[in-house]
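A short write-up of the structure that comes next.
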Amino acid sequence: MSHPRFPHLFSPLEIRGKEIKNRVFVPGHNTALSEGGKIGDAMIAYHEARMKGGVGMLMTEVHCVHPTYMPLGRAWATNEECLPGLRRLARKGRDYGVRVIGQVFHPGRVAAASIDGTKMVAYAPSEVPDEMYKHVPTPLTADLIAEIVTAHGDGAARMAEAGLDGVEIISSMGYLASQFINPRLNRRDDEYGGSFDNRMRFVREVAADIRAKIGDDMILGLRISADEMDEEGLTIEESREACAALDADGVLDYLNIVLGSTATYTGWQHLIPHMQYDAGYTGQKSGAIKSAVERVPVMIAGRINQPQIAEKILAEGEADMIGIVRGHIADPEFMNKAREGRLDDIRACIACDQACIGHRLKGFAVSCIQYPETGRELAFAAKPKVDKPRKVMVIGGGPAGMKAAAVAAERGHDVTLVEKANQLGGQALIAQLLPGRAEFGGIVTNLQRECEIHGVDLRTGIEATTEIVAAEAPDVIIAATGATEHRPDLEGLDGAHVVGAWGVAQGTANVGAKVVVYDWHANWIGLGVAEKLARDGCSVRLCVNGAMAGEHLPMMVRDGWMGQLHKLGVEVISYARLYGADETSVFMQHVTSGEPIICDDVETLVLATPHKRQAGLWEALHGGDIELHLIGDALAPRTAEEAVLEGLRAGFAV
Ligand SMILES: Cc1cc2nc3c(=O)[nH]c(=O)nc-3n(C[C@H](O)[C@H](O)[C@H](O)COP(=O)(O)O)c2cc1C
Ligand code: SF4
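Just so we're on the same page, this note's numbering is the position in the sequence shown counted from 1, plus 1020.
Spelled out as C-alpha cells, the structure:
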C-alpha cells in the first residue's frame, strides 16, 4: 500500500535486481571518523544511527584507491586492511535492510589534503592550475593512468569482497574523472584527450575495470555534477552529453547528480549549499540530466532538507531517488519521522554548514550545531534513563538551556525551564535577523520542539532570582543565562555616535548614513550588519580584527557573503584593532605594524565587540546546597554550537 502522505518517497526501487526500500539515500560524505584510513567503531556507530533511522541506501565516504592520493583523515581502499571495517558496515546494512554502496575516488588536481603538512604532487590530465588549492598539476603519463584505472577496480573488488551492495565512481565536483571529460582541463593530445570519446576514455575504462572485478550482481553507479557552476567546470550541456553516453554504454546502474566543483570558489558554493540558496533548488538540474538518459535511474542531492521537498522532486519526475546528507546529520531519524507523519519532529537542517562540513574542513569529526550527538554516537546516541528522577531547573532558554532541558527530560528527570524573555531562543533570535540568515531561527523551533516532545515545563517571561529558585526548590540547577553585548572602555567612545551590532540587527538602532562597523569577532555579526546597513543605503566600511572578514566562518559561507558585500560596495579593512573614536573619526591601528588606520567622515560606529557572560545568578548560588552546572555563553561566550553541545553534556551529567 502506498504511503498516504509521501507515495513517491516510500515506494521501493529496484536497481540491478536489488530492492531499495524507499527513495532516500545518504550520499557519501567524509565524516573524519576513519581511523588510520579504516572504518572503526565510531564510524560504524555513526552509520548505524542513520540506518536505524529508516533510510533506504547509504554510500560510504570517498575511499582513496591509489598512493598518489592517500592522506590521513580519509578512508582508503588500497589494501586488505580496509576489509574488516567494510565488512562490519555491510553486515549492519543487511541487519537494517539498507543497501550500502562504497565510493572509489581520486581527486586529480584538486588534492585538498596533505599527508605530512607538505604540499603534495597533484596529478591531472593536463597542466591546468586550480583556483582553490593552488596546484600546478603534473600531467599523468599513460602508465600512471593505467595504474589509477586498475586501482579503482582493485578498490571496488575489495568492497565486493567485503559484501557491499555496490560501488560508486566519483566523477563529480571537479575530481579526476571529471577533469578528463572537461575539454578546458584536458588538453591532452593522446588517446585520452581531444575528441569526446577520447575524453570519456578514462571514466569508461574505470567503469569497465570495476565491472570486470565486481561481477554482474553488484550495483555500479557514478556520481557527477550536472553543472560544476563556474567558468571552467563542466557545463550542463557537457554533463548531459557525458551522462547520455554512459547510459547508452549499459555498464552503469545509476547516475547520482550533484552540483558544483571543489576547484573554484563559486563551484564550492554549490557543493554543500548554505542557507542563502533555496531549499530544493538542485532538483531542476537533475531533471535536465534525467531527460537526457533512458535506462538508468537518476539521483539528486543538495539542499533537500524536508520530506515534502523530496516528494515534490520525485513527483515532478526530476529524479528517481533523493540524497540527503545534512538532513541526516541533523536528524538521523529523518525517514522514520517522515514515514510516521511526525513532520514537526524532524530537526530540519538549517544549512549553516557550521559543524558538519565546517568541522570536516578543520579535520574534526562531522557533527551538527543543532544535534551534537552526531559524530559522538558512541557517547551520546543512546540516552539511558536515570534510576532516580530529580527536579531539574534550567535557567535560560537559549540554545544551551533548551538542549540541556530536553536531554535531562528525555533521561527521565522532572525539568522546568525558566526564560526571562517572552520568547525562547536567546541570541539565535537576533542572529536570524541578519540578511539571508532567517533560516537560522530553525534552531529555536527545533530545540523548542525537542523540549516539548520530552515534556519540559517551559516558562517564559520570568526572570529567575534566588527567591524564585528557593520557592522552586530544585535538586539541580543548570545555569544557561547567556551573554550580552559589552561596550569596551576605549578613548572617546562616549563622545562618538556608537551603537551595538544587536540593535542594528533588530532594527532598533538609529544609524547615520556613513558607518564604520568594527568587527572583533570576524564571523557572521560584522558581515551581517555591514550587509544590512549597505542594503539600507548606508555607505559602509567594515573594519575587521582579523586577517579577513568572516575569518572564523565555514569558508563557503564566508566566500558567498563576501560576494554580496562586494556587490553592495562595502569597503573591507582587515587587520584593524580599535583604540578610540570621536564625533567624526574612528581610530584604529594595524594589528602587526601598529601604524594608525583612521576612518574619517563617520556618522555612526557600530560595535561588534566581545560579549560579556551573564553568570550573576550562578555566582549568587555558588557554594550553596544545590547541585549547579554552568553552560554556554554564561560559562564563556562562544557560538550556538558550543552552547548546544554543553547543553547535551549537562543533560547527561545530571
Ligand atoms: C561533511 C561533508 C563531507 C562530504 N564528503 C563527501 C564525500 O566523501 N563524497 C561525496 O561524494 N560527497 C561528499 N559530500 C557532499 C555530499 O554528499 C552532498 O552532496 C552534499 O552535502 C549536499 O547534500 P545535502 O544538502 O543533503 O547535505 C560531503 C558533504 C559534507 C557535508
Ligand atoms: S551543522 Fe548546520 S548545516 Fe550542518 S547539518 Fe547541522 S544544521 Fe545542517
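Note that CB positions come from ideal geometry on N, CA and C, so glycine has one too.
Whole-angstrom distance between residue j and residue i, CA atom to CA atom
i, j, result
"LYS1632", "LEU1598", "18 Å"
"VAL1606", "ALA1569", "18 Å"
"ASP1229", "THR1170", "7 Å"
"ASP1236", "LEU1106", "20 Å"
"ASP1579", "GLY1056", "32 Å"
"LYS1112", "MET1071", "8 Å"
"MET1355", "HIS1517", "52 Å"
"LEU1381", "ILE1256", "28 Å"
"ASN1042", "ASP1269", "27 Å"
"ALA1180", "ILE1377", "29 Å"
"GLY1076", "PRO1047", "11 Å"
"GLU1603", "VAL1537", "15 Å"
"ALA1358", "ILE1239", "27 Å"
"GLY1600", "THR1485", "37 Å"
"ARG1677", "ARG1396", "Nothing in the structure corresponds to residue 1677, since the chain is present only between 1021 and 1674."
"GLU1039", "LEU1033", "6 Å"
"ARG1178", "ALA1065", "22 Å"
"ILE1450", "PHE1460", "10 Å"
"TRP1638", "ALA1673", "17 Å"
"MET1575", "GLY1475", "38 Å"
Residue i classed as buried or exposed, judged by whether at least 16 other C-beta atoms fall within 10 angstroms
i, result
"LYS1154", "exposed"
"ASP1217", "exposed"
"ASN1276", "buried"
"MET1021", "exposed"
"ALA1424", "buried"
"ILE1618", "exposed"
"ILE1135", "exposed"
"SER1306", "buried"
"PRO1024", "exposed"
"LYS1233", "buried"
"PRO1149", "exposed"
"THR1612", "exposed"
"GLU1662", "buried"
"SER1259", "buried"
"GLY1037", "exposed"
Coarse secondary structure for residue i, derived from DSSP in three states
i, result
"LEU1641", "helix"
"SER1559", "strand"
"VAL1169", "helix"
"TYR1595", "coil"
"ASN1530", "coil"
"SER1605", "coil"
"MET1238", "coil"
"TYR1538", "strand"
"GLY1122", "strand"
"HIS1474", "coil"
"GLN1486", "Per the sequence presented here, residue 1486 reads as Thr, with Gln not at that position. DSSP places THR1486 in helix when its eight states are reduced to three."
"SER1104", "The amino acid at residue 1104 is misidentified as Ser; the sequence shows Pro. PRO1104 falls in the helix class under three-state DSSP."
"ARG1633", "strand"
"ALA1425", "helix"
"ASP1136", "coil"
"MET1319", "strand"
"GLU1147", "coil"
"THR1676", "Residue 1676 cannot be examined here, being either before or after the span of the chain that is shown, 1021 to 1674."
"PRO1409", "coil"
Residue i: CB within 7 Å of a non-hydrogen atom of ligand 1
i, result
"SER1192", "yes"
"CYS1102", "no"
"ARG1380", "yes"
"HIS1049", "yes"
"VAL1664", "no"
"LEU1109", "no"
"VAL1386", "yes"
"ALA1321", "yes"
"VAL1577", "no"
"GLN1123", "yes"
Closer than 7 Å: residue i CB and nearest ligand 2 heavy atom
i, result
"GLN1390", "yes"
"ILE1723", "Lying before the first or after the last residue shown, residue 1723 is absent from the chain, which here runs from 1021 to 1674."
"CYS1372", "yes"
"ALA1350", "yes"
"ALA1268", "no"
"ALA1451", "no"
Jot down the residue ranges of each uninterrupted alpha helix (DSSP H) in the segment 1183 to 1215, minimum 4 residues, whole runs only, in chain order. 1196 to 1201
What are the start and end residues of each continuous alpha helix (DSSP H) run of 4 or more residues lying completely inside the segment 1241 to 1276, in chain order? 1256 to 1269
Can you list, in chain order, the stretches of the alpha helix (DSSP H) that have 4 or more residues and sit fully within the segment 1325 to 1366? 1327 to 1335, 1346 to 1350 and 1354 to 1359
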